[in-house]
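Just so it is clear: in the sequence shown, position 106 is 662 by this note's numbering, and no numbers are missing. A virtual CB, placed ideally from N, CA and C, is assigned to each residue, including glycine.
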Amino acid sequence: METIESVVAMPRIGDKAPAFRAITTQGELNFPGDYEGKWVILFSHPADFTPVCTSEFMTFAKLEQEFNKHNCQLVGLSVDGLYSHIAWLRTIKDKIEYKGMKNVEVKFPLIEDITMNVAKKYGMIQPGESSTKAVRAVFFIDPKGTIRAIIYYPLSLGRNFDELMRALIAMQTADKHSIATPADWHPGDDVIVPPAGSCGVAKERMESATKGVKCYDWFFCTKELKLEEV
Ligand code: BEZ
């Protein structure tokens, strides 16, 4: 039976990102207000000084500029204290060499959340997996502060960074061009045009192919979108 304790409020796609203030390794943070006009990837990790998390932080740091080029800022979080965060990030920079990455400086903010205040607001504590550590959650938040995508991974599984970048670019491309993106889409691949909204348009699409649009059936049409237009 469902108990009060087992019902955890979780933000959903389309919700406004829950607001909070927090201390981070880059100073105080007012979220999401500090990021108005920008995309944000807000992500949690289970604990400092752990191997999967270390590999992820080095990769996030390596890719930070690439995310920034796409108007996207990174914000990390774990249920550890500020001094643990600082010590861990110093260790990463000073001592860890991994897959060709070394002297890696994590410049994006890492939230201290010993009280679990933020982690609980975002459904990052999932007791079936761990009641003391955050799972690996990824929230994509758009420039208006709306949650656009959420990905959760368990403690043992490091994130796929190609997918994080692909998802960000796909959502930005969908917004910019009013299109959708098919399975396994990558920038430069064909995109899906909005479905025909009337019998007339459906007929037109099937009978007199609109220039540049390829239809597999009346409800499934794609068009080219060049890499440089993405
Ligand atoms: C890790 O980051 O290596 C890790 C953290 C918590 C549980 C399992 C693995």
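Out of curiosity, what's the CA-to-CA distance linking residue i and residue j?
i: Lys779; j: Ala730; result: 13 angstroms
i: Ile748; j: Asn716; result: 24 angstroms
i: Lys782; j: Tyr678; result: 36 angstroms
i: Lys649; j: Trp741; result: 35 angstroms
i: Ile706; j: Glu760; result: 37 angstroms
i: Lys594; j: Val757; result: 36 angstroms
i: Glu661; j: Cys628; result: 18 angstroms
i: Glu584; j: Asp669; result: 13 angstroms
i: Asn673; j: Gly684; result: 19 angstroms
i: Glu784; j: Lys767; result: 20 angstroms
i: Lys663; j: Phe776; result: 43 angstroms
i: Asp604; j: Phe616; result: 15 angstroms
i: Pro750; j: Gly589; result: 32 angstroms
i: Ala565; j: Ala575; result: 14 angstroms
i: Pro738; j: Arg722; result: 12 angstroms
i: Met657; j: Lys651; result: 11 angstroms
i: Pro607; j: Tyr654; result: 11 angstroms
i: Leu619; j: Asp718; result: 10 angstroms
i: Pro743; j: Ser734; result: 15 angstroms
Would you mind giving the Cβ-Cβ distance between residue i and residue j, rounded to the nearest angstrom? I have them listed as a contact below 8 angstroms.
i: Pro602; j: Val631; result: Not quite, the Cβ-Cβ distance comes to about 16 angstroms (not below 8 angstroms), so this is no contact.
i: Leu724; j: His626; result: 6 angstroms
i: Ile697; j: Leu633; result: At roughly 13 angstroms, the Cβ-Cβ gap does not stay under 8 angstroms, so Ile697 and Leu633 are not in contact.
i: Phe695; j: Ala573; result: 7 angstroms
i: Ile681; j: Ala690; result: 6 angstroms
i: Ala726; j: Tyr708; result: Ala726 to Tyr708, Cβ: 19 angstroms. No contact.
i: Ser687; j: Leu711; result: So it is not a contact: roughly 12 angstroms between Cβ atoms.
i: Leu645; j: Thr580; result: Their Cβ separation, rounded to whole angstroms, is 11 angstroms, which puts Leu645 and Thr580 out of contact at 8 angstroms.
i: Glu612; j: Gly714; result: 5 angstroms
For the alpha helix (DSSP H) holding residue i, just list the boundary residues, first then last.
i: Lys759; result: Cys755 to Glu763
I need the boundaries of the beta strand (DSSP E) containing residue i, first residue and last residue.
i: Ala578; result: Phe576 to Thr580
i: Lys594; result: Per DSSP, Lys594 belongs to no beta strand (DSSP E) and is neither H nor E.
i: Thr737; result: Element bounds for Thr737: n/a, residue is neither H nor E.
i: Asn586; result: Gly583 to Phe587
i: Phe776; result: Phe776 to Lys779
i: Lys770; result: Val769 to Asp773
Say the cut is 6 angstroms; is the CB of residue i nearer than that to a heavy atom of the ligand NAP?
i: Cys609; result: Within the structure as shown, the ligand NAP is missing, the only ligands being the ligand BEZ.
Jot down the residue ranges of each uninterrupted beta strand (DSSP E) in the region 626–714, minimum 3 residues, whole runs only, in chain order.
-> Correct list: 628–634, 666–668, 692–697 and 703–709.
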